[in-house]
Amino acid sequence: MVKDLNYSGLSATPSDYSAPDGDLAIALNLIPEDGALRPVRQPSRLSAIPHGLADDNGLPINPSAVYIHTHSDGVRHIIVRYDKWLFHHELFAAGTDTPTDLPDDLSSWDPMPVLLPQGDIRFAALGDILLVSTVDSLIKLRWKKSRYSEIGSIPIPAIGFTLKRKEVSYPEALPFATSYRGAPEYKPDPNAAIVYDKAHAAEYSNALLANANALVARETRRGRFTQPFLARAAFRLFDGSLVPVTSPVLMVPASAFSPYIDASFMETTGNLQGYFRAVSCSLAIHVPFLPSEWEDMVIALEIYVSAPIFTYDQSKEIDYRLRSATSQQSLTHAAYDRDDPDNDRFFYDGVSFMRKDVGASNRGDGTYWNFPYRSSRQITDEIKSISTFYRIHSITAADLPFGTRGNSLSGYNHTISPPEGKLETLRTLPVLPDMAHTSYAEFAGATMHVYNSRLHLANFRSIPSKGFRLPSAATATYVSIRSSLGPEMTIKVDPCVQFSDKGPLFAYFPHPQAFRAIHIDGDKAYVIPLVTHDFLDGAVYCGDFDDASISPVPSGSVSDLCTVTTGASIPKQSTIYVSEVNNPLVFPARYALSVGSGTVLAIASAAKPLSQGQFGQFPLYAFTTEGVWALEISPTGTYSARQPITRDVCINPASVTPIDSAVLFATDRGIMLISGSTAQCISDPIASDTPVPLSFLPAFDKLCAMAGWEVAACLPIVPFSDFLKECRMLYDYVRRRIIVHSPSRSYAYLYSLKSKLWGMAYSDISAPVNSYPRALAVDKGGNLVDFSSGSGKPLPAMLLTRPIKFDAPDILKTVDTLIQRGCFLKGHVSSVIYGSRDLFSWHLVNSSVSHYFANRRGTPYKYFRIALICNLDKTESVYGCTVQYTPRFTNRPR
33 MVKDLNYSGL
43 SATPSDYSAP
53 DGDLAIALNL
63 IPEDGALRPV
73 RQPSRLSAIP
83 HGLADDNGLP
93 INPSAVYIHT
103 HSDGVRHIIV
113 RYDKWLFHHE
123 LFAAGTDTPT
133 DLPDDLSSWD
143 PMPVLLPQGD
153 IRFAALGDIL
163 LVSTVDSLIK
173 LRWKKSRYSE
183 IGSIPIPAIG
193 FTLKRKEVSY
203 PEALPFATSY
213 RGAPEYKPDP
223 NAAIVYDKAH
233 AAEYSNALLA
243 NANALVARET
253 RRGRFTQPFL
263 ARAAFRLFDG
273 SLVPVTSPVL
283 MVPASAFSPY
293 IDASFMETTG
303 NLQGYFRAVS
313 CSLAIHVPFL
323 PSEWEDMVIA
333 LEIYVSAPIF
343 TYDQSKEIDY
353 RLRSATSQQS
363 LTHAAYDRDD
373 PDNDRFFYDG
383 VSFMRKDVGA
393 SNRGDGTYWN
403 FPYRSSRQIT
413 DEIKSISTFY
423 RIHSITAADL
433 PFGTRGNSLS
443 GYNHTISPPE
453 GKLETLRTLP
463 VLPDMAHTSY
473 AEFAGATMHV
483 YNSRLHLANF
493 RSIPSKGFRL
503 PSAATATYVS
513 IRSSLGPEMT
523 IKVDPCVQFS
533 DKGPLFAYFP
543 HPQAFRAIHI
553 DGDKAYVIPL
563 VTHDFLDGAV
573 YCGDFDDASI
583 SPVPSGSVSD
593 LCTVTTGASI
603 PKQSTIYVSE
613 VNNPLVFPAR
623 YALSVGSGTV
633 LAIASAAKPL
643 SQGQFGQFPL
653 YAFTTEGVWA
663 LEISPTGTYS
673 ARQPITRDVC
683 INPASVTPID
693 SAVLFATDRG
703 IMLISGSTAQ
713 CISDPIASDT
723 PVPLSFLPAF
733 DKLCAMAGWE
743 VAACLPIVPF
753 SDFLKECRML
763 YDYVRRRIIV
773 HSPSRSYAYL
783 YSLKSKLWGM
793 AYSDISAPVN
803 SYPRALAVDK
813 GGNLVDFSSG
823 SGKPLPAMLL
833 TRPIKFDAPD
843 ILKTVDTLIQ
853 RGCFLKGHVS
863 SVIYGSRDLF
873 SWHLVNSSVS
883 HYFANRRGTP
893 YKYFRIALIC
903 NLDKTESVYG
913 CTVQYTPRFT
923 NRPR
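With positions in the sequence shown counted from 1, the corresponding number in the numbering used here is that position plus 32.
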């Protein structure tokens, strides 16, 4: 009988007894495509990477991580890690795919200005900025002027805001004169005060308040400040984004209570005449030297202020009393107890602020003009709720002191003079956008993915920042933070507390879960409570303007509260942070999202729509311990994660590999291909935890020797599930093949996206290298190789079928003739046939150095395996075989 068999792809299921004839147990360096088995070519060698070097102790070090960084000018540099060092060298010049010859001496490579910790690292790049994620930090390196420099985090300089003060009056020329038309004076006795009935003084009060409002309005129109306000400064970066670099700073022009009246009652005319007075201030700023690495990354330093915090209530009436005297009596506001001689000044930033009592000659009861000032509680509550800041000034980068450039030896000093009328229209000016506290934090151990020109971070630890620096003496401040994701922690931060003569006045720290700040000043300490700001992403404190609400304690008594937490960080396993476009330094709060409650293992992008009309709606997949989530983009550009689209859990984040319109990843089920909202397992045919026991085939070692291999050195020896736990994948875009390899194994599985069938290949891949659409990798010899190039030579190949039954598994048979079919030259295929009666014990039936043998009979067997050793050129292929066999029936005459 004659039987034509077509060789199919690699399979391990179903069982040997029921496996279709033509399925392969081994297809080494062969892949089924276009209806035939085609040879797998060895990758072309592009260049060599220094290998087998020695460290300072003489121990060998080899490259452990490789990355290709494409710069904005098209030049591509190869980045290589050796132990704790990074080196780089140009690999491709701009506009060419011809690689540069890499020096084999590492001294000819350029070192990176970083020192790496132990442990795995991950690379990502956005434009000319290279990011290296380590267990301790997120390193940022910028390619500029033909070298890499570490730019670090956004600089937080100790910017100082000050006020330049002068006393002003209204009116500026003649004093105002207001006649009184109230009730008759009331004299209980000749020596008592003259008391006027308040009920009849509304018109009088309104006239005076109009003068006070006119004073404030006039100075505001001139670009000056008479009421307290908050000020901030922000860098405008190269991409146009804004980053605040100061905390909100409380600015108090003269006192918490202003303006005030300086007037005298003229008994002869019945008039009250005088002036309204206030301290009017211009805003000044001092900027210390900034890191030179940021000189062309900062466009400007912009100044923002809040709306004024009025210390008086314009809707209320003035309460007043006048004392009878033989001479003119001067009147001022009565906001404080004037019997306290120490309650007339307070200090901030080394400047004395006066609560004026101009010309008051008598401090007895009833000598004051009681202006409708707001209570200290009302003022502090408003300060703590302010979240909107308006831009009033911009300092260009040309005027900022980068490196050694500045207008003075100490940095840059500038008086901010808004144009006339600008402060009057403050609420129409550009607003400082909200900024997440995460933009000031450091990140450690982050999984990174770049998509749509944004950097995505997941499964990281957030290391709280040291906050914003205030120009002050060398003091220490400790902040304690609570977190639902970890234990309470205490960190040492930059001094961030403003003081008056009464003690702590104002403090802000950029973390909403900070609840306590301890400020150490010599042998004194202030324990300052912080509360979450309702609108800003931080915590705030504002002291009472009337009373010293926090008294110092001995610093030794709070030493236990100042114990710094080792390795203080907050785990963010289920959170994804997304940067601004082309700016991996800023992570706006509006882009952050939580993905379930599990751990985000990896992020990958795909471009296939979930359904008609939804193209691009779900461009990202988040692989978590709860399954795979599709991330949806909202109309505002933010992400949302609604539910998992599959419950398959990735067991190996390194296996996540995007291809044209799908993503591959390894699970306990096998290798999954997710496209749109559909996930399918593509490795079912080869998923077996029982490797082919090659020792059962006689003379199999001789077959390996014919191919030039050591005995079974490149054949499956571990269960497929174990292989998946350590596998990585390489996508050959040109041939549409997936290479599933393991650094610790000498074989790889090949999957053809064209035929949807599996093959195998000898593998010495050490690590894949990012270079889509090319399939680059580093082999174990330190060579940079290209799997997508057509110049590689074909490799010796081996084929072993699964048991062949010829449609009669229980009938004994003898094979008379075996002819291999395909497109190949004579002598390029050698064949062997094995026989078995129980699928366990196998015997060598026949062999040939040619592709056929004929007219040979022997012991009959029920099952047969065919083995081939092939040396095929790139145009050759094996299709199948023709077998002539004779059934040996036991119940028929022969």
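Backbone N, C-alpha and C fix where the C-beta goes; we use that ideal spot for every residue, glycine too.
Span separating the alpha-carbon of residue i from that of residue j
i    : j    : result
G272 : T166 : 29 Å
A807 : D87  : 31 Å
S961 : I771 : Residue 961 is absent from the model: the chain starts at 33 and stops at 926.
D555 : A508 : 11 Å
N303 : A209 : 6 Å
W175 : L163 : 11 Å
S672 : T470 : 19 Å
S407 : I552 : 30 Å
D294 : Q410 : 25 Å
R978 : T447 : Outside the shown range of the chain, which is 33 to 926, sits residue 978, and nothing can be said about it.
G518 : H543 : 15 Å
A44  : I851 : 25 Å
V915 : L37  : 8 Å
I665 : V330 : 30 Å
Y405 : I495 : 44 Å
S314 : S338 : 15 Å
F270 : L487 : 16 Å
E327 : A239 : 54 Å
H565 : S532 : 22 Å
P451 : I186 : 31 Å
V724 : L832 : 10 Å
S787 : V817 : 25 Å
G453 : A654 : 52 Å
Proximity to residue i [Cα-Cα], best of the options
i    : options                   : result
L170 : D115, K177 and I161       : I161
S727 : S79, P748 and E334        : P748
L158 : R423, P75 and V482        : V482
Y422 : F261, D576 and S774       : F261
I718 : I683, N903, V750 and N615 : V750
Whole-number beta carbon distance between residue j and residue i, since they are thought to touch under 8 Å
i    : j    : result
Q545 : A539 : That pair is no contact at about 15 Å.
L876 : A739 : Not a contact, Cβ separation roughly 17 Å.
A624 : V610 : 7 Å
A263 : M283 : 5 Å
S862 : S882 : 7 Å
C713 : I706 : Actually they do not touch by this definition, with Cβ atoms about 10 Å apart.
P64  : S784 : 7 Å
P291 : L247 : 5 Å
CB of residue i within 8 Å of CB of residue j, strictly
i    : j    : result
L56  : S40  : yes
V864 : A829 : no
L735 : I901 : yes
H120 : L134 : no
L118 : I110 : no
S892 : R853 : Note on identity: in this sequence residue 892 is Pro, with Ser being the wrong assignment. Not closer than 8 Å, so no.
A468 : A478 : no
P527 : S504 : yes
S497 : A473 : yes
S237 : Y307 : no
D105 : A126 : yes
T710 : V681 : no
Residues sharing a beta bridge with residue i, DSSP
i    : result
I703 : A698
R77  : V817
L274 : R268
E122 : H109
M480 : L489
C902 : A829 and V861
G535 : S532
W117 : Y114
S798 : Beta-bridge pairing links S798 to no other residue.
Heavy atom of the ligand GDP within 7 Å of residue i beta-carbon
i    : result
L832 : Inclusion of the ligand GDP in the displayed structure is not the case, the ligand content being empty and no account of it being possible.
Closer than 8 Å to chain B by CB, residue i
i    : result
A205 : The displayed structure is made up of one protein chain only, and chain B is not part of it.
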